[in-house]
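Notes follow the structure.
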Amino acid sequence: MNFTIDAISKDCNARAGKIKTDHGEILTPIFMPVGTVGSVKAVHCSELKEEVKAQIILGNTYHLYLRPGLDIIEKAGGIQKFNSWNKPMLTDSGGYQVYSLGHNRKITDEGVIFRSHIDGSKHIFTPENVIDTQRIIGADIIMAFDECTPYPCEYNYAKNSMNLTHAWLDRCVKRFKETECSYGYSQTFFPIVQGSVYKDLRKESCEKIASQECEGNAIGGLSVGEPIEDMYELTDFCCSILPKDKPRYLMGVGTPANILECISLGIDMFDCVMPTRNGRNGMLFTSEGIMNMRNEKWKNDFTPIDSNGTSFVDTLYTKAYLRHLFVAKEILALQIASVHNLSFYLWLVGQAREHIIQGDFHSWKTMMIKKVTNRL
RNA sequence: GGGAAGGUUCCAGAGUGGCUAAAUGGGGCAGACUGUAAAUCUGUUGGCGACGCCUUCGCUGGUUCGAAUCCAGCCCUUCCCA
Numbered sequence: 000m001n002f003t004i005d006a007i008s009k010d011c012n013a014r015a016g017k018i019k020t021d022h023g024e025i026l027t028p029i030f031m032p033v034g035t036v037g038s039v040k041a042v043h044c045s046e047l048k049e050e051v052k053a054q055i056i057l058g059n060t061y062h063l064y065l066r067p068g069l070d071i072i073e074k075a076g077g078i079q080k081f082n083s084w085n086k087p088m089l090t091d092s093g094g095y096q097v098y099s100l101g102h103n104r105k106i107t108d109e110g111v112i113f114r115s116h117i118d119g120s121k122h123i124f125t126p127e128n129v130i131d132t133q134r135i136i137g138a139d140i141i142m143a144f145d146e147c148t149p150y151p152c153e154y155n156y157a158k159n160s161m162n163l164t165h166a167w168l169d170r171c172v173k174r175f176k177e178t179e180c181s182y183g184y185s186q187t188f189f190p191i192v193q194g195s196v197y198k199d200l201r202k203e204s205c206e207k208i209a210s211q212e213c214e215g216n217a218i219g220g221l222s223v224g225e226p227i228e229d230m231y232e233l234t235d236f237c238c239s240i241l242p243k244d245k246p247r248y249l250m251g252v253g254t255p256a257n258i259l260e261c262i263s264l265g266i267d268m269f270d271c272v273m274p275t276r277n278g279r280n281g282m283l284f285t286s287e288g289i290m291n292m293r294n295e296k297w298k299n300d301f302t303p304i305d306s307n308g309t310s311f312v313d314t315l316y317t318k319a320y321l322r323h324l325f326v327a328k329e330i331l332a333l334q335i336a337s338v339h340n341l342s343f344y345l346w347l348v349g350q351a352r353e354h355i356i357q358g359d360f361h362s363w364k365t366m367m368i369k370k371v372t373n374r375l
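Residue 121 in numbering that gives the first Met the number 0 sits at position 122 of the first sequence, and the numbers go up by one each step.
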C-alpha cells in the first residue's frame, strides 16, 4: 500500500490524498460501504461500482469466518473474487463484535471466546488466528484485533482494556510480519487506537499505535453513544498525535455531518452501517436534509426522490412511489434507499475532496452541515 | 319453513356483572438506528377545556349500587336441514 497527499486545507486539517493497493486506487477522504458478510446489503456489485462509485468496501472477519467459513473463501481465491467485487477491500477484525456481542463472549488475555450468534457453537479468536483468518479472507487492508469498549466505560476498565488491546497489537504485528497473503497480492495492517473518552489513555494509545509505523492507523471505540462533541474532541486529539503522512481511519463514523466534521479534523477514511441500515429502515440522506420515507407527508409527493442526486434511482423514482414501496414492504424499497444513500455518501466525500483541492473546504463544509442535518 | 352459531374499538379477534377505553395480532401514525445478531426495534392508535370527565362493544327497553358481559323484543350475518 502507498499513501500520498495531494492537498491540505489551509484553514483546517482536512487533506485530500490517494491510497494505492494491488486492487486499485482509492481517493481520500473516502467513505467505505459496509459489507459485513461479503455483500453490501441490497446492493449489487455493478451498482456499487457504476452508481455508488464505491472505491473500497468492508467485510467482517467474525461473520465471514463463521459463514461461509475460511475453506470456502480460500477455494474461491479470496473475498474479492468470491463476491465478484474485484476491487479494494478492508476487513474488520471482529473487535467490534467483542463489543456488540457483549453477552455472547468472554475476554481473556489469550483472546476472546465467542458463542456463534448463528448456531451457538464456541469459537476462540486470538490476535494470531485473527491475522491468519484475515490472510485467508484476503482483504487489502486488515485490522488489528482490539476490544471496542462500550460507553459509558469506567476509567479502570478502559485502561485495562486499552492495555489488553496493546498487548494483542504486539502479537498481531508479530504474526502479520511472519505471514503472507494467501493469494500473491499485498495486504497492509492497520492498528487501532482505543482509550474510551479518557485523553491520557488516548494519548498513550496513539503513541503506542504510531510507534508501530504501520502504513495506516485507525481510531476505534468512538461513536458508541458518547456525546458528539466528545467524539469530535477526541478525534481531533488523536489526529494531533497520529502520523500526518499516513491515512487515518475513523471506525464506524457516521452521519453526513459527522463525516464532514471529522474530515476537517484530519480523518481520511470512514465506514458506517448508517447509509445502508438506516436506508433499509426508511431513512434517506440527501444534500438538502434527512427524510423518513415512511412518513405520510410523502404520500402525494410526486417529485423525484432527490432532484440533486447522482444515482439513477434519484430521478427515476418519486417520493410517493418510494413511500409506497416502504409501506408495502417491497424489497425494491431497500434497494433504492441503499443505492441512494451510498451514492450520496460517496458524492459527499468526493465533493469534500474537490473542495479541499480547490481550497474552500472549510466554508463549504460549514454550509453543507447546515443542509444535511435539516429534517425534511 | 326448521335448527345452530354469532354480531366488540380501522380490521381480525379475546373478554361473558365492578380490576375494561376494553387482551393479542394486523393495519395506521411517529421515533430510534454510527468498525451490521437489524428488510430491525420502540412508542402510540375513541373524544376532550386530559392526574379527571364524556362517548363506545348490532338496536330498543329492562334487572342491578354498577352491564360489552344478565333478561326481553327487534334487526342483521353465517352455516346446516327441508
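Glycine included, each C-beta is placed from N, C-alpha and C at the ideal position.
Inter-residue spacing [alpha-carbon to alpha-carbon] between M366 and V39: Their Cα atoms are separated by approximately 30 Å.
What does the alpha-carbon distance come out to for the pair T60 and D359? Distance from the CA atom of T60 to the CA atom of D359, rounded to whole angstroms, is 39 Å.
For the structure I just gave you, are there three or more beta carbon pairs, one from the region 204 to 216 and one from the region 181 to 192, closer than 8 Å? yes
Can you grab the Cα-Cα spacing for the pair G183 / V51, in whole Å? 29 Å
Have a look at G219 and G251 and give me their C-alpha separation to the nearest angstrom. 8 Å
Kindly give me the distance between the Cβ atoms of G58 and G34, rounded to whole angstroms, as I take these residues to be in contact under 8 Å. Between G58 and G34 the beta-carbon gap is near 6 Å, inside 8 Å, which marks them as a contact.
Taking only three categories from DSSP, how would you classify K17? strand
Which same chain residues, not among the five before or five after L345, have their C-beta less than 7 Å away from its C-beta? F30, V51, K52, A53
Considering only DSSP beta bridges, list what T3 is partnered with. K17
Can you grab the Cα-Cα spacing for the pair S204 / P303, in whole Å? 47 Å
Restricting to Cα atoms, I'd like to know which of S310, Y316, R247 is closest to T27. With distances taken between Cα atoms, T27 lies closest to R247.
In whole angstroms, give me the CA-to-CA distance for V97 and T107. 11 Å
Hey, how far is the Cα of N162 from the Cα of D145? Each residue's Cα considered, the two are about 10 Å apart.
What residues in its chain sit with their C-beta under 6 Å from that of N307, if we drop five residues either side in the sequence? S286
So if DSSP puts G219 in a beta bridge, which residue, or which two residues, is it bridged to? Per DSSP, none; premise fails for G219.
In angstroms, rounded to a whole number, what distance separates the CA positions of K158 and D169? 17 Å
Out of S181, F236, I135, Q79, which one is the CA nearest neighbour of S195? Among S181, F236, I135, Q79, the Cα nearest to that of S195 belongs to F236.
DSSP puts Y248 in a beta bridge; with which residues? A217, M268
If you draw a straight line from the alpha carbon of P226 to that of H323, how long is it in whole angstroms? 35 Å
Where L333 falls: helix, strand or coil (DSSP): helix
So the beta strand (DSSP E) Y32 belongs to, where does it begin and stop? For the sequence presented, residue 32 should be read as Pro rather than Tyr. Its beta strand (DSSP E) spans residues 29 to 32.
Proximal residues to V272 (C-beta, below 6 Å), its chain only, five neighbours per side dropped: V33
Please report the straight-line C-alpha distance between T20 and D267, rounded to a whole angstrom. 15 Å
Return helix, strand or coil for H116, following the three-state DSSP convention. coil
Where do the ends of the beta strand (DSSP E) carrying T187 lie? 187 to 189
Determine the burial state of I136: buried for a count of at least 16 other Cβ atoms within 10 Å of its Cβ, exposed for fewer. Buried.
One question on the structure: do S181 and G253 come within less than 8 Å of each other, judged by their Cβ atoms? no
Residues in the same chain with beta-carbon distance under 7 Å from K198, minus the five sequence neighbours each way, listed in chain order, please. F236
To the nearest angstrom, how far is the alpha carbon of T309 from that of R174? If you draw a straight line from the Cα of T309 to the Cα of R174, it is about 43 Å long.
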